[in-house]
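Notes follow once the structure below has been shown.
There are 2 protein chains.
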Amino acid sequence: MTSSEAFPQGAPDTVEAFQERLIAVSDGLPKRLRQCADYIAGNIDRIAVSTVAELAQGAGVPPSALMRFCQILGFSGFSEMQRLFRDSYVPGRPDYATRLRNLRDKGAGSSAALLAEFVEAGRQSLEGLARSTDEKVLDEAVNHLAKAGMIHLAGFRRAFPVASYLAYALEKMNVPTMLHDGTGKLDHSHALRPGDALMAITFAPYSPETVALAEHASRRGLAVVALTDTPISPVAQLSAAVLTVPEVDFGAFRSLSATLALAITLAVAVGARRSRNGT
Amino acid sequence: MTSSEAFPQGAPDTVEAFQERLIAVSDGLPKRLRQCADYIAGNIDRIAVSTVAELAQGAGVPPSALMRFCQILGFSGFSEMQRLFRDSYVPGRPDYATRLRNLRDKGAGSSAALLAEFVEAGRQSLEGLARSTDEKVLDEAVNHLAKAGMIHLAGFRRAFPVASYLAYALEKMNVPTMLHDGTGKLDHSHALRPGDALMAITFAPYSPETVALAEHASRRGLAVVALTDTPISPVAQLSAAVLTVPEVDFGAFRSLSATLALAITLAVAVGARRSRNGT
DNA sequence: CGGGTTTTGGAATTTTTATTCCATACAGAA
DNA sequence: TTCTGTATGGAATAAAAATTCCAAAACCCG
Numbered sequence: 001m002t003s004s005e006a007f008p009q010g011a012p013d014t015v016e017a018f019q020e021r022l023i024a025v026s027d028g029l030p031k032r033l034r035q036c037a038d039y040i041a042g043n044i045d046r047i048a049v050s051t052v053a054e055l056a057q058g059a060g061v062p063p064s065a066l067m068r069f070c071q072i073l074g075f076s077g078f079s080e081m082q083r084l085f086r087d088s089y090v091p092g093r094p095d096y097a098t099r100l101r102n103l104r105d106k107g108a109g110s111s112a113a114l115l116a117e118f119v120e121a122g123r124q125s126l127e128g129l130a131r132s133t134d135e136k137v138l139d140e141a142v143n144h145l146a147k148a149g150m151i152h153l154a155g156f157r158r159a160f161p162v163a164s165y166l167a168y169a170l171e172k173m174n175v176p177t178m179l180h181d182g183t184g185k186l187d188h189s190h191a192l193r194p195g196d197a198l199m200a201i202t203f204a205p206y207s208p209e210t211v212a213l214a215e216h217a218s219r220r221g222l223a224v225v226a227l228t229d230t231p232i233s234p235v236a237q238l239s240a241a242v243l244t245v246p247e248v249d250f251g252a253f254r255s256l257s258a259t260l261a262l263a264i265t266l267a268v269a270v271g272a273r274r275s276r277n278g279t
Numbered sequence: 001m002t003s004s005e006a007f008p009q010g011a012p013d014t015v016e017a018f019q020e021r022l023i024a025v026s027d028g029l030p031k032r033l034r035q036c037a038d039y040i041a042g043n044i045d046r047i048a049v050s051t052v053a054e055l056a057q058g059a060g061v062p063p064s065a066l067m068r069f070c071q072i073l074g075f076s077g078f079s080e081m082q083r084l085f086r087d088s089y090v091p092g093r094p095d096y097a098t099r100l101r102n103l104r105d106k107g108a109g110s111s112a113a114l115l116a117e118f119v120e121a122g123r124q125s126l127e128g129l130a131r132s133t134d135e136k137v138l139d140e141a142v143n144h145l146a147k148a149g150m151i152h153l154a155g156f157r158r159a160f161p162v163a164s165y166l167a168y169a170l171e172k173m174n175v176p177t178m179l180h181d182g183t184g185k186l187d188h189s190h191a192l193r194p195g196d197a198l199m200a201i202t203f204a205p206y207s208p209e210t211v212a213l214a215e216h217a218s219r220r221g222l223a224v225v226a227l228t229d230t231p232i233s234p235v236a237q238l239s240a241a242v243l244t245v246p247e248v249d250f251g252a253f254r255s256l257s258a259t260l261a262l263a264i265t266l267a268v269a270v271g272a273r274r275s276r277n278g279t
C-alpha cells in the first residue's frame, strides 16, 4: 500500500486537520492520486454535497481512484470523509443570499436595491481585509502606537469618520489622543512632540492637510502609521507602518466597513497593550 | 391524494420558489405533514447535506411522511428536492473561512485575532442588516429626508462617525445639510426650521443631546428619522421613521459596519431622489 | 355508532451510491 | 529484455438510501 502506514493515526477530525493532511500527503503521489488531491483541494466546499462519482468525474479519474485517495487521507472511505464536511457545514449564507437577491430585484435605483449593493460591498471589503492583511505590519503598527506618548489622528473628508471613531475608541480606553479635525482652520502641527505618533488616514484623492501633517511628523522623527488605499499613496513612504485597505466601491461611494474594522482593531490592540504595560 | 392537483405545475426551481410554495402549502396540512413543513422551514440549509432518514428524525416523523411531503411540494421525491439545494449551494468562500481561522488561531489577544473577530462581527452585522431591514420603512425614511429643506444630523460619541459620514456624502451630492457636532457647546436647536428634517443617530446609552434635539424637532412638527439600536429607543416614538440596526458586538466594542451601510444607502437614495425631482 | 375518507407507520422493493477486488498496464531495476 | 512491485480501471458486490405500497389507525360526518 502506498502510504497507509505514513499516517497510522485515525482520520482527520476537523477541516483544518484535513487540509494539513492533504498538504502533507500530496507530494510524491502518483498521477491519478495527485489529480484527486488537486481537485479536492480546489473544491473542498463541494465534498459535502457531492457523490463519489461526481467528484471522480470532476477530477477526471475513476471512482475507485477517489476511494483509494480517501483511504490514503486516513478515512475508512468516502462516506466517512463526507461526514466530516456535512457535519461542519455551516451555511449562514442561503438566507442571506436569498434576501440579497430579493432586495436587488426591487429594481435598480430603489432604496432596497441600494441597500443590497452597499451591504454586499461592505461584506466583500471585510472579507478582502481578512485575506490581505499582513499580520506583521499590523503588529508593527500596534507597537508604534502603543509606545507613543500621545496618538495624533489625521483624517479628513471620507477619512474623517474613521479618525473620529478612533478618537472615540482610544479615549474610552484612556489612551492620550488628539484628533486633528481642522476646527477653526487652526494649525496644530506644533502639537506633535517627540515620542508621539501620528496615524494618518487618507484615500485618493489624498487630502493635502493629512499629507502635510505626515511629512511634518516624519521630518521630526515621529512614527507615522498610515491607513490608506494603496502602498504607493503619498503617505506610504513617510510611514513606519503602512496598512492598506481593499475597499470595494459601489457607484461613486466607497464602503468604509473594512477601514473601520481595521481601525477598531488597532484601537483595541493598542489599548490592551498599553494597559498591560501599566499605561 | 391530498393535494397534488393544487399545484399542477412542476417542482419549484429556485430557492425562493421553494419557500413560496412552502408557505402556500403549509396551512391546512394534517399533523405529520405540518411537522415536516415546520422542520423543513427551520432547517432549509440542511436539506443539501442530509438524508431522508435524518430529516425525518429531526422532524419527528417516519421517512415515508417526509417523502409524501416532498411530493406535495411538487417534487417527484426527495432526491429531486435535494438536487435543488445541492446545485444552488454557492461555495461559502472557503478562502475566507480558512483565513479567518488562521487569524483567530494566532492566539487570543493578538492583533491578528482581534482583526478576525471584528471582521466577523462586521460581516454578521451586515448580513443581519440585509435580513432585517424593512423596505417600507426605508422608503419612508428616504421620502421624509428627500422632501426636507435641510437635513440636520445629530449623532455623538459612537454615532458621531456615522453622522459625519452622512454629512460628507450628502454634501458631495449637494444636499443642504447641517451636522450638529456640538463644537463650542453651542446650542443650534434654533437652526431647525419648518420643512427641515432631523436624522437622529443614537445608541444605548442614548446621548441626551440627541434625544433633546429630537424632542425639539418633533415638537415643532419636523420629520424625524431615527437610526438607532432598538425600536424602544427614546428617539423611536418621536420619529416618523425608525430604522433599527442589528450590530453584533465583540467585547466592549460594537461594529459600525451595518450602521454605515444603512447610512450611505440613505444618503445615496436621498441624493438620487432629490436630483430626479430637479433640486 | 357505522361507513367512508384521510392519514399514518413501517415493511418490502427499487434505485442509487459506496466499496472491494482483480486482471491488466506500467515503471523502474537488473 | 525480463522481473518485480506499484498503479490503474472497471466490473462485481455490498451497503445505504430512496421510494412505494398497503394494512391499520384516526378522523369526520351523518
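Respectively, the protein sequence lines represent chains G and S.
Counting in this note's numbering, the first sequence runs from 1 upward without gaps.
Counting in this note's numbering, the second sequence runs from 1 upward without gaps.
For glycine and all other residues, C-beta sits at the position ideal for the given N, C-alpha and C.
Please say whether residue j and residue i have beta carbons closer to each other than 8 Å?
i, j, result
"residue 73 of chain S", "residue 34 of chain S", "no"
"residue 145 of chain S", "residue 197 of chain S", "yes"
"residue 268 of chain G", "residue 251 of chain S", "yes"
"residue 128 of chain G", "residue 272 of chain S", "no"
"residue 156 of chain G", "residue 210 of chain G", "yes"
"residue 225 of chain S", "residue 217 of chain S", "no"
"residue 132 of chain G", "residue 246 of chain G", "yes"
"residue 163 of chain S", "residue 153 of chain S", "yes"
"residue 49 of chain G", "residue 78 of chain G", "no"
"residue 286 of chain G", "residue 11 of chain G", "Because chain G is modelled from 1 through 279, residue 286 of chain G falls outside the range shown and cannot be assessed."
"residue 221 of chain G", "residue 193 of chain G", "no"
"residue 191 of chain G", "residue 116 of chain S", "no"
"residue 125 of chain G", "residue 15 of chain G", "no"
Alpha carbons only, please: which of the options is nearest the one belonging to residue i?
i, options, result
"residue 179 of chain S", "S:167, S:190 and S:210", "S:167"
"residue 243 of chain G", "G:163, G:141 and G:205", "G:141"
"residue 75 of chain G", "G:17, G:143 and G:208", "G:17"
"residue 83 of chain G", "G:102, G:147 and G:45", "G:45"
"residue 176 of chain S", "S:86, S:88, S:275 and S:14", "S:275"
"residue 229 of chain S", "S:205, S:222 and S:136", "S:205"
"residue 158 of chain S", "S:213, S:227, S:50 and S:49", "S:227"
"residue 235 of chain G", "G:259, G:249, G:199 and G:270", "G:199"
"residue 195 of chain G", "G:151, G:259, G:87 and G:165", "G:151"
"residue 181 of chain S", "S:220, S:213 and S:13", "S:213"
"residue 101 of chain S", "G:29, G:19, G:118 and G:113", "G:19"
"residue 260 of chain G", "S:54, S:120 and S:41", "S:120"
"residue 232 of chain G", "G:203, G:248 and G:13", "G:203"
"residue 174 of chain S", "S:248, S:270, S:114 and S:105", "S:270"
"residue 240 of chain S", "S:143, S:172, S:42 and S:69", "S:143"
"residue 59 of chain G", "G:39, G:113 and G:238", "G:39"
"residue 134 of chain S", "G:29, G:147, G:103 and G:134", "G:103"
"residue 237 of chain G", "G:29, G:136 and G:215", "G:215"
"residue 136 of chain G", "S:118, S:43 and S:113", "S:113"
"residue 30 of chain S", "S:86, S:68 and S:147", "S:68"
"residue 248 of chain S", "S:118, S:201, S:54 and S:47", "S:118"
"residue 86 of chain S", "G:32, G:105 and G:54", "G:54"
Tell me residue i's beta-bridge partners as DSSP assigns them.
i, result
"residue 242 of chain S", "S:226"
"residue 249 of chain S", "S:254"
Please list the segments of the beta strand (DSSP E) lying wholly inside the stretch 175-231 of chain G, counting only runs of 3 or more residues, in order along the chain.
177-180, 197-202 and 223-228
The stretch 256-274 of chain G / the stretch 251-264 of chain S touching (three or more Cβ pairs under 8 Å)
yes
Ordered list of beta strand (DSSP E) runs contained in the stretch 112-155 of chain G, each at least 3 residues
151-155
Using 8 Å as the Cβ pair cut-off and three pairs as the minimum, do the stretch 22-41 of chain S and the stretch 50-63 of chain G touch?
no
Could you give the uninterrupted runs of the beta strand (DSSP E) lying entirely in the stretch 18-70 of chain S, keeping only those of 3 residues or more?
none
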